[in-house]
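Take 3 as the starting number for the sequence shown in my numbering and just add one per residue. The beta carbon of each residue, even a glycine, is placed where N, CA and C say it ideally should be. The structure presented is a predicted model; accordingly, all values stated were derived computationally and were not measured. Report on one structure; see the data block that follows.
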Amino acid sequence: MSVRDFVRNNWRILILVALIALSCFFLFVPGASFGDTLGEREEGDTTAEWSNLQYGIELSGGARVRAPVIGTTAEGIDVDTEDESITELNSEIESAIYEELVANDDELELSERDVQANVEGETDNERTVEVFHENVTEDDLEVAVENTGYAGPNTEVRSGVTEETRQSMIDILNERMGESGFEGGTVRQDSAGGQHYIVVQSPGTTTADLRELIRDQNLVEVVLHTPAENEDEYTEEVVLSRDDIDSVSQVQREDDEYRVPVVVTDQAAEEYQTTLVDSGITTEGVGACGWSEAGEPPYGYCQLIQLDGETISGLSMTQGLADQLNEGTWQNNPTFVATSPDQQSAEDIRVSLQAGSLPTTLNLDDGTSQTISSERADQFISNALLAGGLAVLTVVLMVFLRYGDPRVAAPMSLTALSEVLILLGFAAAIKLPLDLSHVAGFIAVVGTGVDDLIIIADEVMSEGDVSSQRVFDSRFRKAFWIIGAAAATTIIAMSPLAFLSLGDLRGFAIITIIGVLIGVFITRPAYGSILRKIKTDK
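See below:
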């Protein structure tokens with residue numbers, strides 16, 4: 003038999019063998035996963051000692067925090083979007099709502115950035131105003147919307163934020179966790195009783211460390227502090243923010259301070275250069291910054307580095323930088339160095355500039371926290387392995403008792419187990435943190451897989467011996483239609499669990515769906531080819 007004929011007659015089996023080999027590569031070769039280079043494991047990671055599998059908090063120990071998002075939303079904003087740009091309209095609405103809220107409550111510490119409007123939607127319900135402040139109630143926002151003339155017949159005010167804001171927070175928190183070294187951490191949405199929550203979890207950490215990471219907005223701004231016309235007063239203007247930063251370097255220590263070099267975008271560089279030159283800081287303000295860590299108000303000409311409104315450091319204008327700004331050459335190489343007296347604040351600045359700041363914060367007081375110790379996680383692993391082993395052993399035993407013929411039962415058992423191996427390789431390749439829900443999915447895949455293989459074997463052998471390939475193909479196609487219908491039913495039933503925010507059920511559903519797809523397209527056809535060779539004369 004030529005190589006071409008061999009491949010043509012056994013291509014289903016060859017695909018299965020190739021996937022098994024690829025799965026073993028992702029499972030056992032150190033660092034073999036998408037996006038990584040091959041190499042040694044990093045110290046302190048959450049992978050299993052014997053493989054590249056990553057464990058979630060239930061199998062490795064760790065912490066989970068679940069909390070609602072602080073904010074109030076008005077939907078159905080009544081505004082004409084035809085005669086004015088969306089950006090200008092959003093800005094006008096934000097200013098009007100902000101001024102109305104502040105006017106109604108003199109003690110309300112609200113910032114203009116805490117009000118966010120979005121009237122780009124085609125329907126009224128998609129046109130929203132969000133206020134990110136814990137002291138702004140639904141009644142407060144409703145009155146503000148009515149008094150500013152933006153209330154319409156479909157306007158409704160509710161607690162919480164929009165789906166876009168929640169998704170933005172998830173993206174930023176995911177990046178923040180990656181930048182902060184929380185290996186294997188995940189962020190997702192959850193909902194219960196009409197309330198939406200953000201769930202943050204990370205293996206190998208404590209709830210205190212996790213809450214510290216997600217507690218603040220981490221809004222970094224460079225504020226220009228200059229004397230006003232009345233020399234006893236000062237003006238402050240934000241000259242750089244996260245949106246103006248193109249790239250961020252690692253924290254560097256120089257003398258007694260920590261430095262975070264950043265590169266400013268071309269558009270922001272031109273505006274920054276013009277603003278500083280016009281302010282006078284590049285002439286009479288050179289070396290004239292009065293700022294101390296003691297908390298006294300700054301004086302003179304300063305660039306203040308602020309993190310969540312708190313001044314971390316005050317920068318004096320150097321003569322070299324002033325000359326570049328005055329000559330207009332700084333924007334050709336727009337680098338800026340943010341400084342901090344301590345390393346932690348410098349790291350916070352770097353992570354915030356890299357990942358971005360949260361639009362609002364989580365209400366941790368109304369949230370829940372969970373910590374799983376490493377000892378308890380080890381117990382979970384032992385129990386999961388025991389349950390999985392018993393399930394596999396029972397399935398293999400029943401198969402051998404049913405058929406008695408090792409030529410039929412052995413390939414059936416090995417093919418079913420190969421689905422689990424391929425799933426484990428897939429999990430290792432994408433760095434999926436495995437929890438108990440995923441283990442339950444693996445066990446379900448073994449059960450459904452053997453069910454389908456039994457259907458194939460019974461359908462093929464139920465009507466007597468198979469002496470020709472044509473007879474085998476006819477019976478196999480009949481069995482495969484049954485398997486395909488059952489797989490479609492399973493996928494349809496599991497899809498809501500996979501896409502809705504239903505906690506651990508989502509992991510179970512995803513593994514089950516992927517396992518069913520691998521079975522239908524890979525392992526069932528491969529087992530059919532093996533059974534054909536055993537039962538036919540050819």
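Rounded Cβ spacing between residue i and residue j (contact assumed at less than 8 Å)
i	j	result
Asp248	Val265	5 Å
Tyr529	Ile458	6 Å
Arg1	Ile174	Limits of the chain in this structure are 3 at one end and 540 at the other, which puts residue 1 out of reach.
Tyr260	Ser342	5 Å
Glu181	Ala357	5 Å
Leu507	Ser439	7 Å
Ala69	Tyr199	6 Å
Thr514	Ser371	Not a contact, Cβ separation roughly 29 Å.
Arg14	Pro527	4 Å
Ser35	Asn54	6 Å
Ala500	Val518	Not confirmed; about 12 Å, so no contact.
Gly1	Val522	Any question about residue 1 goes unanswered here, given that the chain covers just 3 to 540.
Ala418	Gly369	In fact, because the Cβ distance is near 42 Å, the residues do not count as touching under 8 Å.
Straight-line gap, residue i to residue j (C-alpha atoms, nearest Å)
i	j	result
Glu312	Ile351	12 Å
Ser464	Ile484	15 Å
Ile59	Gln203	7 Å
Pro435	Asp453	28 Å
Asp258	Ser318	16 Å
Ile283	Glu238	13 Å
Gly509	Leu502	11 Å
Ala23	Ser420	11 Å
Gln585	Trp293	Shown here, the chain extends from 3 to 540; a query on residue 585 therefore has no answer.
Leu355	Gly186	22 Å
Leu423	Ser415	13 Å
Val5	Asn11	10 Å
Asp38	Val19	The pLDDT assigned to Asp38 is 44, lower than 50, so where the model puts this residue is not dependable; a value taken from the coordinates is nonetheless given after this. Taking the straight line from one Cα to the other gives about 24 Å.
Asn137	Val145	14 Å
Ala390	Phe382	Rather than Ala, the amino acid found at residue 390 in this sequence is Gly. Spanning the two alpha carbons is a distance of roughly 12 Å.
Asn90	Gln345	Here the sequence assigns Glu to residue 90, which means Asn is not the residue at that position. Roughly 40 Å separates the two Cα atoms.
Leu455	Leu16	18 Å
Phe27	Ala429	12 Å
Ser97	Asp310	21 Å
Asn330	Thr320	Reading off the sequence, residue 330 comes out as Gly, not Asn. Approximately 15 Å between the Cα atoms of the pair.
Arg43	Ser384	Because the pLDDT of Arg43 is 38, which lies under 50, any placement of that residue in the model is unreliable, and the question is left without a value.
Leu425	Ser170	30 Å
Val240	Glu158	34 Å
Phe444	Val250	42 Å
Arg409	Ile494	34 Å
Glu349	Met496	42 Å
Val31	Gln56	14 Å
Val117	Thr125	21 Å
Ser375	Ile532	46 Å
Ile216	Val201	11 Å
Residues sharing a beta bridge with residue i, DSSP
i	result
Phe338	Val264
Arg178	Bridge partners of Arg178: none, in fact.
Thr164	In DSSP, Thr164 forms no bridge with anything.
Asp192	Tyr199
Gln254	Arg261
Ser371	Val67
Gln243	One detail in the question is off: residue 243 reads as Ser in this sequence, not Gln. Per DSSP, Glu223.
Gln305	Leu226 and Leu317
Cys26	DSSP, once it has assigned bridges, lists no residue as partnering Cys26.
Thr75	Glu132 and Arg160
Cβ neighbour criterion (16 or more within 10 Å) applied to residue i
i	result
Phe478	buried
Phe474	buried
Gln87	According to the sequence provided, residue 87 is Ser. The question's Gln does not apply to it. Exposed.
Asn334	exposed
Arg378	exposed
Val448	buried
Val9	exposed
Val262	buried
Thr74	buried
Asp82	exposed
Glu102	buried
Trp332	buried
Asp107	exposed
Glu461	buried
Ser476	exposed
Gly598	The first residue shown for the chain is 3 and the last is 540, placing residue 598 beyond what the model contains.
Asn220	buried
Leu242	buried
Gly289	exposed
Arg178	buried
Residue i: CB within 7 Å of a non-hydrogen atom of the ligand SAH
i	result
Pro527	In the structure shown, the ligand SAH is absent, as is every other ligand, since no ligand is present at all.
With three or more C-beta pairs closer than 8 Å as the rule, is the segment 70 to 82 touching the segment 116 to 135?
yes
Any 3 or more C-beta pairs closer than 8 Å across the segment 218 to 230 and the segment 304 to 311
Cβ pair count under 8 Å is three or more, so yes.
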